[in-house]
Structures are given as C-alpha cells and as structure tokens.
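Asker: My questions will all concern the structure given below.
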Amino acid sequence: MVRILSQTKSAAVNPLKSSQPLGAAFAFLGVDGAMPLFHGSQGCTSFALVLFVRHFKETIPLQTTAMDEVATILGGADHLEQAILNLKTRTKPKLIGVCTTALVETRGEDSASHITNIKLKRAEELAGTEVVLANTPDFDGAIEEGWAKAVTAMIEGITRPGEQARQLKKIAILPGWNLTVADIEHLREMVESFGLKPVILPDVSGSLDGTVPDRWVPTTYGGTSVEDIRELGTAVQCIVIGEHMRHPAEVLQRLTGVTYVLFQSLTGLKGVDRFVSLLSAISGAAVPAGVRRRRAQLQDALLDGHFHFGGKKIAIAAEPDQLYQLATFFIGMGSEIAAAVTTTGTSKILEKVPAESVQVGDLGDLEGLAASADLLVTHSHGRQAAERLGIPLMRVGFPVFDRLGSQHKLTILYQGTRDLIFEVANIFQANQHAPTPEALDPFRKREMPDELRSSPLARH
Amino acid sequence: MSLFNAKIQDVFNEPACQKNQGKDAKARNKGCSKPLTPGAAAGGCAFDGAKIVLQPITDVAHLIHAPLACEGNSWDNRGTASSGPTLWRTSFTTDLTELDVVMGQGERKLFKAIREIKEAYAPPAIFVYSACVTALIGDDIEAVCKRAAEKFGLPVVPVNAPGLVGSKNLGNKLAGEALLDHVIGTVEPDDAGPYDINILGEFNLSGEFWLVKPLLDRLGIRVRASIPGDARYLDVASAHRARATMMVCSTALINLARKMEERWDIPLFEGSFYGITDTSEALRQIAGLLVKKGADPELLDRTETLIAEEEAIGWKKLEAYRRRLQGKRVLLNTGGVKSWSVVHALMEIGIEIVGTSVKKSTVEDKERLKQILKDENHMFESLAPRELYAMLSEHKADIMLSGGRTQFIALKAKIPWLDINQERQHPYAGYDGMVELVRQIDLAIHNPIWCQVREPAPWDCQPAVKDELPSTKSETATVHAFKKFAGTTADDFGEC
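In the order they appear, the protein sequences are chains X and U. The first sequence begins at 1 in the UniProt record's numbering and counts up one residue at a time. The second sequence begins at 1 in the UniProt record's numbering and counts up one residue at a time.
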C-alpha cells in the first residue's frame, strides 16, 4: 500500500499549491453572470487574478473587499456589505461568490452570519443576485478543496431542496477542477450523444473558453446558469468526476435525493468504458457509432504508443485527484511512478495512487525525488526544476502560463486518453538521445548497481 | 506596531515627493493612501510592492513568512533578468498551516525555515517578508531575524510590509527602508572609486539594463549597485560608497535615494533610460554629478561625444519607421507616464498621442502633458474597463500601450496592444530600446490578424455573398461559385 508522507520541512521550496480561495473562485467562474469576491486584503485578489490571467489569457472577473488595517481590527462586515452592494450596482451579477481568505479567517470573522444579515437588510437591492459563501482560508487546502467548497456552497445556497419530479433524460454532472474547457465540452457532447441532457456544475467551457464577445461584460459570460443550479434536484442521476467532488454530491443527494455515481478518473480505457456503459444504461440507448469509433482509435493509440512508455520513470506533482488520474494513466501504459508529490494528505484518493509513496509537499520535493526520472509532470512552475535536472516537462493542471491553449487540451474519455498518449510519446521522441559507444560500452556500466528496471541500453 | 506606524508616517511624509510638495501640512499628515472601495479596487498590496522591489536581488534567498497564497500564487511572475545567480527565482515560504496559526508556531517555523535555507543554499543573505496573517498573529519577524542572524552568521533582513498596511507603492518604500535599516552601509568595499554610481528603481526587465550598461562602460562609469535589477547582495550592502545616484522609478524608491543623500552625501537626480533624449540627459547628469564629486572633468566631453554619436544612430533608425507610423494614434494607459521622452520620440516620428492616464502623475507631469496633448480632455484619471472598451471598440486609437491588467480589454475590442509594464517580453531602455519599442508598435499595428479578426463571418452580414451562393438550377453556376470561394486564400487577408 502506498505510504503517504507528510511534510517535515519548515520552508516550502517552490510551492506546488495554488491557494484555496483561488480554487473557489475558479468554480464560481464556471457560472454564468458570476462575480467571485475575495474577502481579504487587495493583494490576495491581485495575486490570484494575475495568476488566472496568466493561465487563461482572458479578463477574469474577481473582486476584493479590500480589507485594510482598520477593517482588520474593527471587523470586515462593512467592507463585505459595501463590496457586495458595489458589485451589484456596477456589474449586475447573477451570482456573487464570496471566498474568504486567511486574513479574515485568522481574525475569526463570522462571514456566514454577516452574509445572512446583508441579505436580509438589503433584500430589495440584491434581488436577482444570489450571494453564496465558501470558507476558504489560504492556510488550508489548495485548489481542490476551494473548488469543492464553492460547488457545495452553490448547491446548499441555490438548489431547491426536497424530492422533486425527475426529468428522465436530465443528468447532473459535477466535474472536478482538473477537467479542462475542452474536457467539459467533450463530456457534454458524449452525454448528449446518448440523448441525455447534461447540466454541468461548474461549467468552465462556457465561460473560460476564450471567445470574443461583442460587448464589454464585467462578469463571466457563459457557464452554468443560476436557474440550472436551482433545478439540479430534478435530475434523474448525478455523475461526479473526482474524489474531491464527493462531498458536494453527497450534499445534493441529501438535499434532493438525487443519487450519484463517482468516477475517480475519466482517463484510461477501462474507466471510460464504465462511464459509457453507465450512460447507455441510464439512457437505454445503444453506444453511438462515433463513440465506438473513438474507442477503436484509443485501442490503436495504446498499441502505437506503448513502446514509448514501457519502463519509463515518471515524476508527478499534482493535486490528489489529478495525481491519481495521471499516475493511473502512466501505470496503465507500462511506466512506473518514480515520484509522486501532492498538495494535501487528507484526500481518500491518495491511498489508491499507484506509487510506493506520495509526498505531501512542493516542487522542491519533486526536484529532489525526480533525479533519475525520465519525465516531469506538473504545472508551469516545474520548468525550473526540469531545466536543472535536464528532464523534459509535461505541463498539466494549473497554472500553465508559458504555453498557450492548455484549457483546450483534451485529457478525458477515449479521445482525451488518446491525445495524452500522443503528447507523452511525442515528448519522449523529441528528447531522444542518439546512441553513443560510451553509453553502450558494457565495461563502463559494470560498476553501476544492478537495477533491473533501468536497462543501461535504454535510450530515451 | 507603533514603531512600524511611525515608519509608515515617515514614508508618507517624504519631502522629496513631488506630490507631497504640492500638499499643505494637513493634507500631508493624512498620508498618501486613498481608502479603497470594496468591490471596486484593483492593484497589489504592500507586500507585493516590497517583494517587487527586493526580489530581483539575485543571490539572496527571499523567504515569505505567510500562508500559501502570498507566495504560492505569485512567485516566478516577473521578467527581471539575472546575469548570474538564480536563487532569487527559487521560491521560499513558511506556508503556514491552520495548526501553525492556531498553535502560535509561526516564529519557530520561521526560524527553522531560515536554518534550512542557510544549510541547503548558503546564500549571502536571507530576506524575510511578513504578511497580513503573520502581522495579525503578532509574529515578531524582527526578533526572529536578529536571532537567526546571530546564530547562523549571515545577514537575515526583516522586510516588514504586510499587505493590509496599504498599496503596492507603500510596499516599495517600506522595502527601501528595510535596505536602509539593515543592508546598505554594512559592507565596506575595497574598490570604491570616483566613477561609481548607484541606479535605483531599475528592474532590468527583459534584461533591458544591458542595453544601457555598455554605454556606461564605454565612459568608464561603474555601476556600484543597481537596485534591484540584477543586483548582488554585496553590491547593495556597499552601495553607500557610490558617488552619485540615478533614480529611475521615482515613485518606488524616492525615500531610499533621498536618505542615501542625507546619510552618505550621495547626490541624486531623477532620470530615465526610456527614450532618446532622456537617455542622453541621464548620461549627462551622471557625468555631471561625478565630476562635481571629484571625477576628471574630461568625462563631460567624452559623454557629449558618445551622446552625439548614439543619438544620431538612434534617430536614424527611428526615422525608418516614420513612413509606417505617421499619423497612428497611441493610447497610453499606464497609470502615469513614466517617461516624457518616449512620448517625445513617438511624436517626433509622427505618432499621435490620443490619450493618457494621469492617475499617478504629479502636477508638473500634468502641466507638461497639457502642452504636449493640446487637448486636456485626452487626460484621464483612470478609465473604467467598460469606458476603455467603448473607446477602443469605436476605434479611437490604433494601439494601446499599457500593462497586463488592461490587455484583454484592448484585445477583446480587437485593437492592437503592447505591454509596456513588468510582464513585457522586450527591452525598451536606452537608444536601442527606444527603437525596439517603435519596432514593436509597428509590428503590433501592422500584424495581418487585425483585418481577419475584425471581419464578421461571411454568413453573418454579407448579403452579397448570400446572393452569389450557387443556385441549384445550374451546375455550371455551382462550380463557378465554388471556384470563387476556393480562390479566397490567406493571401487575400493580407491586403485588407
């Protein structure tokens, strides 16, 4: 069984994490007409905003309650109220998603009751705008936790509770944050191809897909509609992608009775088969020809690609669900996981990561563990480590700021798995070392320890 | 906190600040921080400002004592360049957890973190930054730094600028104070000479100072310390032995420059390396101050000769762009025009300035602008994104020069945009830098994508095309029509 090693260093070196409130804001950005609001000092917002912009290359709606020294001492309720009212008048959002930060949480702000009061006192002014709260101190969790908390907050705050008449074709889907814009688009098409009607929360494919609107919109444009969130309880089934989305799914089930099926990963042939079978079972429809075709293409990609994966040592640093998604993908292709680093030790999924150990830590840990690896897999901040180690870097997750189009990269279902195989195989082919007499000389290798797995003949 | 508050007051009272000079005593007492509007605020915090000013010191380990977000969301995000050490790009943070906060383990964790960094990286110094949460829970970073410095035998510099005390600008100045209190003057150089200068507020973005340094080298002028761009700790620590200071970004480090003049009698001037005439003027001033402080007066002549040569080349290079850029309208949206000579040089080759923000400009700046712009209406305090978008989508400018924050307003309005702030990819300093800026403006405006993205889809609003669609009646007509479409190649787009 995998050992989960907790962090023992005092100085984090090259953080892997992005902050929890950033994760929550990310989820709110998947709702139409939304405006995430950080309850903290202006810097908290500014940093997150810049990071989002660097990743998506888009304007990102994100505001701040601008807590200063005085507000920190006297309390932030007034700032919160002012911010909400200002946003309402200036941007007319359908949803204001409040994300708290370490500053107000350390202070011990009771933001929940502040918001209740504000909603009561300002009911008239705030008509037509939902205000929900995610408690997301920076000193806890990372993107996964923030994202899940925001989705939970939206279900608790907006979804109509109680058993409701079910629409037989309607499926609620709660995707984890690690699905890209392209993934969500593809997922929707797949579900629709069975004649089903998916409601996806959050739906970043509508809001962060990089389009050019013909007017200035201060909030998100596109994404899950607030109305759809309200009506989630009429779905016949909920499908959840990623262990971190279990809690929101449970809340939905508790509130509305809609049961859920959880997929820990939709990458890899077997998991997708299970997903497709489920869609077929729910819809009563046969698997469409197009989907079968994609499956056959993936089979072929597995055949063509496996040569490049066998025996390769992969070092991955990612949040727990993405770590699981990628580690199982690489293991499924015949590679081994030389290093697995993650952001938090509490996720249940870590027990299933196919690695000897998972280190809770940072990119400094990854760099230390990856010396003998063939490939680094993490976000753009891994570029320095990759350079120092002389190992290629596959960019995944968030933030990816030094490559374009990461949001349009497909990573799930038959097609996404196929694309991943090609991407990795191409990285290996691009970094192939030509054979040299020195590297192959049998006498030179004598003194090396006999590692069965790393053949001295391997020329990657 | 009282000492700290006094420091903030002191920074706000900066007598050399031109904005301050325009205020009466009462207004000055209030300080410079304008209260932010919750829900309508933009910009970085004091911590951000402090880090911006200090982090480019390349061989120092910068340790952020805070929960994750302060460093985790912001590291490795600025394009300053180093000619040697890379430690400044390695990110260190105590990444405080809930347990650390609740149990009050912050100071202990910080001390251990300093030890770990010292042991693993052996840097010449460690800078420790406080943040909102560590200020709130009362961690005494000064005491920890002092203790660590004694214990580990290296300078450990506290930078006390938690985000909640104010803006980025305040943070810049508090960083300057940290250098004054703990770094500058702590090392005596053994090679001080009459041609040594300091340059303050130069960040070496995209390595642009390397466009200027050879000019100084040619004159035999040595940069004792460039703070912070491409700086080394020891250079900064011995900066008090320079003979003159050039202050590049006045809003950031004016307190540092003035206090260095007070303390060590280093004369200063404010100048800029942006634009042809400003670059010349800067060289002239540097030479002048050095001569005043004892350098050989022949430096003045050599400087004039160099200026004459380089200016001639620069203007000649720029002239080549006149034909392509004459009459083009530029919107400057930078928070404050940083260099007059950029405006001057742009206008010199026939570019029109159709608007500029004056949010951070001084009274004097505004006067100069009035003369240049002729129409005061083209000056604005700050434009709301919606207004800016409207202005651009009505095509009132041919290009916007601004920072990343407003990038997508221009791009979504389908207007060329050029980054002139910290994330930019190109060096703009010195004579060659000015030419590069104009070249980039030319490239941006004349990129062939603009007429592609601005055209609506043919089926949306081109009734003419609709009429020409093949009619099913005649097969020849169909073939004809398809041929017509087939003829529309990418080449055609270039002409529109």
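Using N, Cα and C, we set each Cβ at its ideal position, and we do this for glycine too.
Could you tell me if F47(U) is buried or exposed, where buried requires 16 or more neighbouring beta carbons within 10 angstroms of its beta carbon?
Answerer: By 1-based counting over the second sequence, the position of residue 47(U) is 47. Result: buried.
Asker: Looking at the unbroken alpha helix (DSSP H) that takes in P437(X), where does it start and where does it end?
Answerer: Taking the first residue of the first sequence as position 1, residue 437(X) is located at position 437. 437-440 is the span of the alpha helix (DSSP H), which, as asked, contains P437(X).
Asker: Between the alpha carbons of N14(X) and I199(U), how many angstroms are there, rounded?
Answerer: In the first sequence, residue 14(X) corresponds to position 14, counting from 1. In the second sequence, residue 199(U) corresponds to position 199, counting from 1. Distance between the alpha carbons of N14(X) and I199(U) is about 30 Å.
Asker: Residues of chain X with CB under 7 Å from D76(U), in chain order?
Answerer: Here residue 76(U) refers to the residue found at position 76 when the second sequence is read from its first residue. Here the neighbours are H381.
Asker: The stretch 401-421 of chain X: which residues have C-beta closer than 7 Å to a C-beta of chain U, in chain order?
Answerer: Within the stretch 401-421 of chain X, no residue has a Cβ that lies closer than 7 Å to any Cβ of chain U.
Asker: Using the rule of at least 16 other Cβ atoms within 10 Å of the residue's Cβ for burial, across every protein chain shown, is F443(X) buried or exposed?
Answerer: The residue labelled residue 443(X) in the question sits at position 443 within the first sequence. So F443(X) ends up on the exposed side.
Asker: Is there a Cβ from chain U that is less than 7 Å from the Cβ of D68(X)?
Answerer: Residue 68(X) sits at position 68 when you count from the first residue of the first sequence. So yes, D68(X) belongs to the interface.
Asker: What residue range does the beta strand (DSSP E) around T378(X) cover?
Answerer: For this step, residue 378(X) is matched to residue 378 along the first sequence. Segment 375-378, the beta strand (DSSP E) holding T378(X).
Asker: With 16 other CB atoms within 10 Å as the buried threshold, where does Q440(U) fall?
Answerer: Your numbering for residue 440(U) matches position 440 in the second sequence. Label assigned to Q440(U): buried.
Asker: By alpha-carbon positions, which one of H395(U), A113(U), C145(U) ends up nearest to H182(U)?
Answerer: Stepping through the second sequence from its first residue, residue 182(U) is reached at position 182. The shortest Cα separation from H182(U) among H395(U), A113(U), C145(U) belongs to C145(U).
Asker: Just grab the DSSP bridge partners of T64(X) for me.
Answerer: Here the question's residue 64(X) lines up with position 64 in the first sequence. Partner(s): F38(X).
Asker: Going residue by residue through the stretch 94-122 of chain X, where are the continuous alpha helix (DSSP H) segments of at least 4 residues, counting only ones entirely within it?
Answerer: Fully enclosed alpha helix (DSSP H) runs of 4 or longer: 102-107, 111-121.
Asker: Mind listing, in chain order, the continuous beta strand (DSSP E) runs of no fewer than 3 residues lying wholly within the stretch 246-304 of chain X?
Answerer: If we require 3 residues or more, the beta strand (DSSP E) runs fully inside the stretch 246-304 of chain X come out as 260-263.
Asker: Using a Cβ-Cβ cut-off of 6 Å (strictly less than) and excluding sequence neighbours within five positions of Y414(X), which residues of its own chain qualify?
Answerer: Locating residue 414(X) in the first sequence gives position 414, where the first residue counts as 1. Excluding sequence neighbours, Y414(X) sits near V272, R294, R295, L298.
Asker: By Cβ distance below 7 Å, which residues in the same chain neighbour L326(X) in space, the five residues on each side in sequence not counted?
Answerer: The count along the first sequence starts at 1 and reaches residue 326(X) at position 326. Once the five neighbours on either side are set aside, the close Cβ partners of L326(X) are I316, A318, V377, V396.
Asker: Among the residues of its own chain, which have a CB less than 7 Å from the CB of S393(U), if the five just before and after it don't count?
Answerer: Position 393 of the second sequence, counted from the start, is the residue given in the question as residue 393(U). Same-chain partners within the cutoff: A413.
Asker: T342(X) bridges to which residues according to DSSP?
Answerer: Taking the first residue of the first sequence as 1, we reach residue 342(X) at position 342. V360(X), per the DSSP bridge assignment.
Asker: I'd like to know whether the C-beta atoms of T101(X) and G40(X) end up nearer to each other than 7 Å.
Answerer: Along the first sequence, read from residue 1 onward, the residue named residue 101(X) stands at position 101. Along the first sequence, read from residue 1 onward, the residue named residue 40(X) stands at position 40. It is a contact, given that the beta carbons lie within the stated cut-off.
Asker: Where does the unbroken alpha helix (DSSP H) through G332(X) begin, and where does it stop?
Answerer: Numbered from its first residue, the first sequence carries residue 332(X) at position 332. Per DSSP, G332(X) belongs to the alpha helix (DSSP H) from 320-332.
Asker: What first and last residue would you give for the beta strand (DSSP E) that runs through V354(U)?
Answerer: On the second sequence, residue 354(U) is found 354 positions in, with the first residue counted as 1. Where V354(U) is concerned, the enclosing beta strand (DSSP E) stretches over 352-357.
Asker: Counting only C-beta atoms, is T64(X) closer than 7 Å to chain U at any point?
Answerer: Along the first sequence, read from residue 1 onward, the residue named residue 64(X) stands at position 64. With 7 Å as the cut-off, T64(X) counts as an interface residue toward chain U.
Asker: Check the Cβ-Cβ distances between H79(X) and every residue of chain U, and say whether any is below 7 Å.
Answerer: Here the question's residue 79(X) lines up with position 79 in the first sequence. Yes - at least one Cβ of chain U is within 7 Å of the one on H79(X).
Asker: Taking 8 Å as the limit between beta carbons, can you name the residues of its chain near L306(U), skipping five residues before and five after?
Answerer: By one-based count along the second sequence, residue 306(U) stands at place 306. Result list for L306(U): L215, R218, L219, L283, in chain order.
Asker: Report the three-state DSSP secondary structure of L411(U) (helix, strand or coil).
Answerer: Locating residue 411(U) in the second sequence gives position 411, where the first residue counts as 1. L411(U) falls in the helix class under three-state DSSP.
Asker: Inspect the CB distances between the stretch 65-75 of chain X and the stretch 185-196 of chain U and report whether three or more fall short of 8 Å.
Answerer: Output reads no: the stretch 185-196 of chain U does not touch the stretch 65-75 of chain X.
Asker: Given K173(U), which residues of its chain have a CB within under 6 Å of its CB, disregarding the five upstream and five downstream residues?
Answerer: Along the second sequence, read from residue 1 onward, the residue named residue 173(U) stands at position 173. The residues are V11, N255.
Asker: Need the endpoints of the alpha helix (DSSP H) that M221(X) sits in, please.
Answerer: Walking along the first sequence from the start, residue 221(X) turns up at place 221. What sits at residue 221(X) in the sequence shown is Tyr, not Met. Taken as a continuous stretch (DSSP letters only), Y221(X) belongs to no alpha helix (DSSP H), as it is neither H nor E.
Asker: Near E251(X), what residues of its chain come up, given a Cβ to Cβ distance below 7 Å and the 5 sequence neighbours on each side ignored?
Answerer: The residue labelled residue 251(X) in the question sits at position 251 within the first sequence. In the sequence under discussion, the amino acid at residue 251(X) is Val, which differs from the Glu named in the question. Result list for V251(X): T152, I155, E156, in chain order.
Asker: In three-state DSSP terms, what is S130(U)?
Answerer: Residue mapping note: residue 130(U) aligns to position 130 of the second sequence, counting from 1. DSSP places S130(U) in coil when its eight states are reduced to three.
Asker: So, with DSSP's three-state summary, where would you put P198(X)?
Answerer: Indexing the first sequence from 1 puts residue 198(X) at position 198. In this structure, P198(X) counts as strand in the three-state DSSP scheme.
Asker: Assuming contact is defined by CB atoms lying nearer than 7 Å, are A61(U) and F92(U) in contact in what I supplied?
Answerer: Walking along the second sequence from the start, residue 61(U) turns up at place 61. Walking along the second sequence from the start, residue 92(U) turns up at place 92. Yes, these two residues count as a Cβ contact at 7 Å.
Asker: Examine the Cβ distances between the stretch 266-285 of chain X and the stretch 377-389 of chain X and report whether three or more of them are shorter than 8 Å.
Answerer: Contact fails: fewer than three Cβ-Cβ distances are below 8 Å.
Asker: Counting only beta-carbon atoms, is D230(U) nearer than 7 Å to chain X?
Answerer: Reading the second sequence from its first residue, position 230 is the one you call residue 230(U). It does not: the Cβ of D230(U) has no partner Cβ on chain X nearer than 7 Å.
Asker: Which value, in whole angstroms, describes the spacing of the CA atoms of G345(X) and T106(X)?
Answerer: Counted from its first residue, the first sequence places residue 345(X) at position 345. Counted from its first residue, the first sequence places residue 106(X) at position 106. One C-alpha to the other measures close to 22 Å.
Asker: Within the same chain, show all residues whose beta-carbon is closer than 8 Å to that of G43(U), passing over the 5 residues directly before and after it, in chain order.
Answerer: Within the second sequence, numbered from 1, the residue matching residue 43(U) stands at position 43. So the qualifying residues of the chain are S167, K168.
Asker: Which bits of chain U does R395(X) rub up against, with CB to CB less than 7 Å?
Answerer: For the purposes of this step, residue 395(X) is taken as the residue at position 395 of the first sequence. Chain U residues near R395(X): none, gap ~14 Å exceeds 7 Å.
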